[in-house]
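Before any comments, here is the structure.
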Amino acid sequence: MPTTTKAPPVRGAPCWVNLLVGDLSAAQSFYAAVLGWKFDDSGTLGEGFSVALADGRPVAGIGARSPFLAAPTVWTPYFASADVDETVDRIRERGATVAVGPIAVGEGRAAIASDRDGAVFGVWEGATPVWSSGADAPPWLELWTRDAFEAALFYGEVFSWPRPGPDGIDVAYEEEQVVARVAGRPMAVLSGGAVGSAPDPRIRPRWIVHFEVDDASRAAAQADRAGGETFPAPGVRASEYVVRDPEGALFTVAEGIGGSGSGG
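Mapping to my numbering: the sequence shown position 52 is 52, numbers consecutive.
And the structure:
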């Protein structure tokens, strides 16, 4: 069974990724086939939520979406907050939208929001499952947005980026991208160029979750066989694919992420 952290994660940093689905059993079957995950349904994150395990380590959450919640089927990164109510107020004050919450989820409290360009993200207050992918690192996160600098100002004001100190978050503008780091390790990249009105959801503003795999081509083929749809990811990586799961959620499988990512 996954354990939880003894203390909340670094405030303002990504602390979890989660997916809300209409058919939990079907989603578990799909992600087991594509990413080799197993699932703990013991209720660590609350009733109706399962924790995905890779080699026995928690890497993500998948939950059954309540018919009373208007939450989209998207992979959603959650950012740690000491006070979810205060963070939700900051989000609204800056012209963004809070779709769900704050609500109790397991031993924590959460909210789901979208930024001013429509990218969906979550806010989490409390301990999370131990998040490990590879060497105790989360999946690689990238914000595909209209204007990276403007988005960095928004998230910086909401989550106190940058911030000095032992749990500080650094923000740097590098090669037309904004890179946020915790303890020197990249936690997220913000990239511009998204088109908000585009009919293709792959190029609309969104948070991209990159899951590292040993063989991206094989994972893509498994996704196609399991009822998903795959596309070569734009950018320089040949070993990276965008996957659309059977309910429409997009994510990326990539080889050798190694703490950096490119467009998805």
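Just so it is clear, CB atoms sit at the ideal spot from N, CA and C, and this is done for glycine as well.
Just so you know, these numbers come straight off a predicted model, no measurement behind them.
Inter-residue CB distance, residue i and residue j (contact presumed, cutoff 8 Å)
i, j, result
"R202", "L250", "6 Å"
Other residues of its chain near residue i: CB distance less than 7 Å, five sequence neighbours each side excluded
i, result
"V98", "V88, I91, R92, A111 and A113"
"A223", "V34, T230 and V243"
"P9", "C15, A80 and T128"
"A26", "P246"
"R146", "D117, G192, A194, G196 and P205"
"A119", "L143, T145, P205, R206 and W207"
"R294", "This structure does not reach residue 294, given that the chain is present from 1 up to 264, and the question cannot be answered."
Outcome for residue i when other beta-carbon atoms lying within 10 angstroms are tallied against a minimum of 16
i, result
"D214", "exposed"
"R276", "Since the displayed the chain opens at 1 and closes at 264, residue 276 lies outside it and no answer follows."
"E47", "exposed"
"P139", "buried"
"G227", "exposed"
"G22", "exposed"
"R225", "exposed"
"D41", "exposed"
"A220", "buried"
"A96", "buried"
"G63", "buried"
Through-space distance from residue j to residue i, alpha-carbon basis
i, j, result
"V253", "P205", "19 Å"
"E125", "P14", "12 Å"
"A183", "G156", "17 Å"
"V179", "S191", "9 Å"
"A148", "E176", "8 Å"
"P246", "P164", "42 Å"
"F159", "P72", "23 Å"
"V74", "F30", "15 Å"
"E232", "Y241", "Inspection of the sequence shows that residue 232 is occupied by Pro rather than by Glu. Cα-Cα distance, rounded: 5 Å."
"G36", "A216", "13 Å"
"A151", "H210", "20 Å"
"G248", "A104", "26 Å"
"Y173", "V189", "10 Å"
"S239", "V59", "21 Å"
"D55", "E212", "13 Å"
"V100", "G256", "35 Å"
Where residue i sits in the DSSP three-state scheme
i, result
"V59", "strand"
"P77", "strand"
"V10", "coil"
"P102", "strand"
"E142", "strand"
"P186", "strand"
"V120", "strand"
"D40", "strand"
"D115", "coil"
"E229", "strand"
"R204", "coil"
"V158", "helix"
"T265", "Only positions 1 to 264 of the chain appear in the structure, and residue 265 is not among them; the question remains open."
"R290", "This structure cannot settle anything about residue 290, because the visible part of the chain is limited to 1 through 264."
"D147", "coil"
"E175", "coil"
Residues near residue i by beta carbon distance below 8 Å, same chain, minus five either side
i, result
"A102", "Note that residue 102 corresponds to Pro in the displayed sequence, not to Ala. So the list reads V84, D85, V88, R109, A110, A111, V123 and E125, once near-sequence residues are dropped."
"A61", "Ala is not the amino acid found at residue 61; the sequence shown has Gly there. So the list reads W16, V17, N18, L19, L45, F49, S50, V51, A52 and P129, once near-sequence residues are dropped."
"A32", "K38 and F39"
"P166", "none"
"M187", "A13, P14, P138, L141, I169, A180 and R181"
"R94", "R116, F154, E157 and V158"
6 Å CB neighbourhood of residue i in its chain, flanking five on each side removed
i, result
"K318", "The first residue shown for the chain is 1 and the last is 264, placing residue 318 beyond what the model contains."
"D77", "In the sequence on display, residue 77 carries Pro and not Asp. Only P14, V17, F121, L141 and W207 meet the Cβ criterion."
"A82", "R11"
"E107", "G126"
"Q266", "The displayed coordinates of the chain run from 1 to 264. Any statement about residue 266 would go beyond what the structure contains."
"P162", "I169, D170 and V171"
Residue-level contact to chain C via CB, residue i, 8 Å cutoff
i, result
"I91", "Looking for chain C here will not work: only one protein chain is present."
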